[in-house]
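One structure is given here, and the rest of the page talks about it.
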Amino acid sequence: MKTVRELAGEIVAREGGFVDDPDDPGGATKYGVTLQTLRRLGLDPSGDGVVDLSDLHQLDRAQAIDIFMEHYFRRPGIGALPEALQPTVFDMYVNAGANAVKILQRLCTQMGQPCVDDGVIGPQTIRAAQRVYDAAPAHFADAYGIARRNYYYALADARPASRKYARRRDGGKGGWITRAEEFIAPVYHLTEAQHRARVAAWA
2 MKTVRELAGE IVAREGGFVD DPDDPGGATK YGVTLQTLRR LGLDPSGDGV
52 VDLSDLHQLD RAQAIDIFME HYFRRPGIGA LPEALQPTVF DMYVNAGANA
102 VKILQRLCTQ MGQPCVDDGV IGPQTIRAAQ RVYDAAPAHF ADAYGIARRN
152 YYYALADARP ASRKYARRRD GGKGGWITRA EEFIAPVYHL TEAQHRARVA
202 AWA
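Residue numbers (this note's numbering): 2 to 204.
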């Protein structure tokens, strides 16, 4: 398995540089780190005592990797989950916060291991995830990735401004969908026709 630092480096590469998209509820980001995150963590790269957009601009790749490793992997407890799940849950935690864990918890319940979907990785979630993995080691990560993909489609169903993240202008798969499918075996990827059918109701 790749190291946590390697996984974090891949997330930074997927997130890209500075982006300030008015349709993104998270606001401005750099390497996937939001200004809100810097403020929440009390990080002030410029050292001037004020955390603002200039600090986000000054954030470098190594700092972003350290933030993800500490606050999006270690502190949430992702390392306690089965190794096969860690890359995709980590990636989604950066992208969607505690919803990444809630999706896992709901999936555990659906797969026969009841789990409260509170978004916290505690003993119950760890046990449930391990039991599901033990019962279906070749399929659990794929099932999670599919649930993750469905979550993104549902977000776009409910919020038209977010549809551009799930569907490109030419109608193909948007970044949310391709990102989820990076962690799913190719056999479970949607075909372009299936994707277009899924989003056909979006005028």
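Just so you know, even glycine gets a beta-carbon here, dropped at the ideal spot from N, CA and C.
Bear in mind that the values here come from a model prediction, so they are computed numbers and not experimental data.
For residue i, which residues of its own chain have a beta-carbon under 8 Å away from its beta-carbon, when the five flanking residues on both sides are left out?
i, result
"residue 13", "32, 33, 62, 65, 66 and 69"
"residue 199", "154 and 191"
Going by beta carbon distance, what residues of the same chain come within less than 6 Å of residue i, once the five residues before and after it are set aside?
i, result
"residue 127", "81"
"residue 9", "66, 69 and 70"
"residue 40", "52"
"residue 79", "87, 90 and 91"
"residue 24", "162"
"residue 182", "190"
"residue 175", "166, 167, 168 and 169"
"residue 112", "133"
By DSSP's criteria, residue i is part of a beta bridge. Which residues make up the other side?
i, result
"residue 30", "20 and 35"
"residue 168", "174"
Would you mind reading off the limits of the alpha helix (DSSP H) that contains residue i?
i, result
"residue 102", "100-111"
"residue 141", "141-159"
"residue 114", "No alpha helix (DSSP H) holds residue 114; DSSP gives it neither H nor E."
"residue 91", "87-97"
"residue 134", "124-136"
"residue 193", "193-199"
"residue 62", "62-68"
"residue 54", "54-59"
Just to confirm, are residue i and residue j a CB contact at a threshold of 7 Å?
i, j, result
"residue 27", "residue 35", "yes"
"residue 177", "residue 166", "yes"
"residue 184", "residue 146", "yes"
"residue 88", "residue 131", "no"
"residue 143", "residue 186", "yes"
"residue 102", "residue 120", "yes"
"residue 164", "residue 203", "yes"
"residue 114", "residue 129", "yes"
By alpha-carbon positions, which one of the options ends up nearest to residue i?
i, options, result
"residue 180", "119, 72, 45 and 149", "149"
"residue 58", "29, 50 and 85", "29"
"residue 105", "157, 76 and 151", "151"
"residue 158", "201, 141 and 56", "201"
"residue 172", "197, 156 and 160", "197"
"residue 100", "77, 111, 50 and 85", "77"
"residue 95", "111, 3 and 72", "72"
"residue 60", "20, 175 and 138", "20"
"residue 16", "97, 50 and 2", "97"
"residue 140", "85, 47 and 37", "85"
"residue 93", "110, 37, 160 and 11", "11"
What does a CB cutoff of less than 7 Å around residue i pick up in its chain, not counting 5 residues either side in sequence?
i, result
"residue 45", "52 and 56"
"residue 125", "116 and 117"
"residue 108", "144, 145 and 148"
"residue 156", "163"
"residue 5", "70 and 74"
"residue 47", "55, 56 and 59"
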